[in-house]
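Heads up, the sequence shown is in this note's numbering, so the first residue is 309 and it goes up one at a time.
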Amino acid sequence: MENLWKLLCTLSDKYYSIFKFWLFFTPIILIRHPDDLEVILSNKKYIEKSFIYDTFRPWLGDSIFTTGGAKWHSRRKILNSTFHFNILQQFIGTLIEEGNRMTQSLKDSKGIVVKDLTPFISEHTLNAICETAMGTSLQNLGTFEQQYREAVHQIAELTFYRLKRPWLHNDLIFMLSSKSRLQKRTLQILHGFTEKVIAERKFYHECTNGQHLKSFENDGETEVDNDAKIIGQKKRLALLDLLIAASREGCLTDLDMREEVDAFMFAGHDTTATSISYALLLLAEHKDIQDRIRTEVAAAVQENGNKFTIKLLQNLPYLSRCLKEVLRLYPPAYAISRVTSEDIKLPSYLIPAGTILILNIYAVHRDPNFWPNADVFDPNRFLPEKCQNRHPYSYIPFSAGSRNCIGQRYARMQLKAFIAPLIHNFYLEPIDYLKDLRIKPDLMLRPTHPIRVKFVPI
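In structure tokens form, the structure reads like this:
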């Protein structure tokens, strides 16, 4: 897959800015120019995802991530409420706590620590997403905790295994393989856990006559009180509570809720961990940028009573620019796919209905026509005066248009909540270097080998 990705990138450069290739008997058009991307992503008629996403359905069902049409519009409308600022604030409190726990785990080592970044950070992003999606802590699950963590990673590997083998897209053929049996066992763990938590949360809200679900009607301004101990849940509201509120109005079934919770778990766990890993490696290699972030964070911490708060994270402009640049170089979704339901007129081409499109976000983010010295890490690209005349579709790390990433504000705040306390407490020194970095495109741009950083206590 690594070689195929390199070939596609080479062809994309050679036949700039649009070209067609064949996947067995299926023609696929790869698009990378911002003008073309704008036509597709800005039009609400072009929201249908291609068959490529069908391999996610055993895990995520007809969630907002996989479905289209009227069902997608209905789910999106319900879920938009989740990311209202007041509700998002409760999520961010959890992210700050988990970021502090991650930093404390390094401090507890009492000295210099070298970490393979992705598995280390992934453990903590999974903790955070479990609490914000389901309102439950993995750390309270005893021996099941490791089983669940392994199942999350296993299902991602199985999904990509099937995705890159088109003959396994056929359900009947896939059912004959050993991977199908492994997938079934893995899904029993994942779906079983989500269904158990849904049942417990519903029971709690039934016992309290749904009084805490009214928090959503007030944009999440209140928290669940100590009666939550009935089922041992944390006080903060979670995504699941919003879904339960919608289910009480007949908008969602238990299956619908499971699908959306699982989709949030998928989208907000590994992608964020990988982005944080790239960010820390880049900062370890660029000591001047790292030092400037440290100075900014130290000043903000002092102004906020020596603790990390939502207000603090919202007022770190230089760190924000650095993270935007990280997401330019290593976008969480390096490519997305659509299928055309009708003919599309691009500025220079006509795309017929029924065509599979791949929108190459990675390529547009490194296009020298829009990004001078495109492979260089330069946070100053995102100074306000440099953004003014830039094509709005030349930077789309969370996609764009009506089908953009619904959780992008959550993701940006998680990056800050995890990175700021690390920079405040440790100097970062590289063990591995970007010049040696090799990337394999699976569900995200994943490094082929460990990327290690040395954490030196300040």
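Glycine is no exception: its CB is placed at the ideal position from the N, C-alpha and C atoms. All values derive from a computational prediction rather than experimental measurement.
First and last residue of the uninterrupted beta strand (DSSP E) at I666: In the DSSP assignment, I666 falls within the unbroken beta strand (DSSP E) covering 664 to 668.
Simplified DSSP state of V764, which is helix, strand or coil: strand
contact_flag[the segment 572 to 581, the segment 426 to 446] where n(CB pairs < 8 Å) is 3 or more: These segments touch.
Nearest-angstrom beta carbon gap, K357 and E297 [assumed within contact, 8 Å]: Any property of residue 297 remains undetermined from this structure, which presents the chain solely from 309 to 766.
Contained alpha helix (DSSP H) runs [length at least 4] in the segment 549 to 580, N- to C-terminal order: 562 to 575
Separation of E465 from P692, as counted between CA atoms: 40 Å
Contacting residues, own chain, Cβ-Cβ under 8 Å from P700 (five flanking each side not counted): P342, E346, A708
When S585, S645, C713 are compared against E755, the one with the closest alpha-carbon: Position check: residue 755 holds Pro in this sequence, whereas Glu was assumed. Cα-wise, what sits closest to P755 is S585.
Element boundaries [beta strand (DSSP E), containing D852]: Missing from the structure shown is residue 852; the chain here goes from 309 to 766 and no further.
Beta carbon of L338 nearer than 8 Å to that of F327: yes
Exposure of F763, with buried meaning 16 or more beta-carbon neighbours within 10 Å: Around the beta-carbon of F763, 16 or more other beta-carbon atoms lie within 10 Å, marking it buried.
Reduced DSSP secondary structure (H/G/I, E/B, other) of L312: DSSP places L312 in helix when its eight states are reduced to three.
Simplified DSSP state of W679, which is helix, strand or coil: coil
Per-residue DSSP class, three states only, for P738: In the structure shown, P738 sits in a strand (DSSP, three-state: E or B).
Reference L667, options S417, A608, A641, closest by Cα: A641
Whether E458 touches H432 by CB criterion (8 Å): no
Inter-residue spacing [alpha-carbon to alpha-carbon] between R384 and F706: 16 Å
T402 - containing alpha helix (DSSP H), residue span: 393 to 415
Cross-strand partners of S445 (DSSP beta bridge): The partner list for S445 (beta bridge, DSSP) is empty, contrary to what the question assumes.
Any 3 or more C-beta pairs closer than 8 Å across the segment 489 to 508 and the segment 360 to 373: yes
Given 8 Å, three or more beta-carbon pairs between the segment 602 to 621 and the segment 543 to 562: no
Reduced DSSP category for K352 - H, G, I as helix; E, B as strand; rest coil: coil
Neighbourhood of Y657 by C-beta, 7 Å cutoff - its chain only, sequence neighbours within 5 removed: I326
A643 and C317 closer than 8 Å at C-beta: No. Outside cutoff.
Cβ separation of Y703 and H673, assumed to be a contact under 8 Å, to the nearest whole Å: 7 Å
Cβ pair count under 8 Å reaching 3, the segment 587 to 596 against the segment 392 to 400: no
Span separating the alpha-carbon of D599 from that of A606: 10 Å
Limits of the unbroken alpha helix (DSSP H) element including W330: Run containing W330: none in the alpha helix (DSSP H); it sits in the beta strand (DSSP E), 326 to 331.
C-beta atoms of I664 and C630 nearer than 8 Å: no
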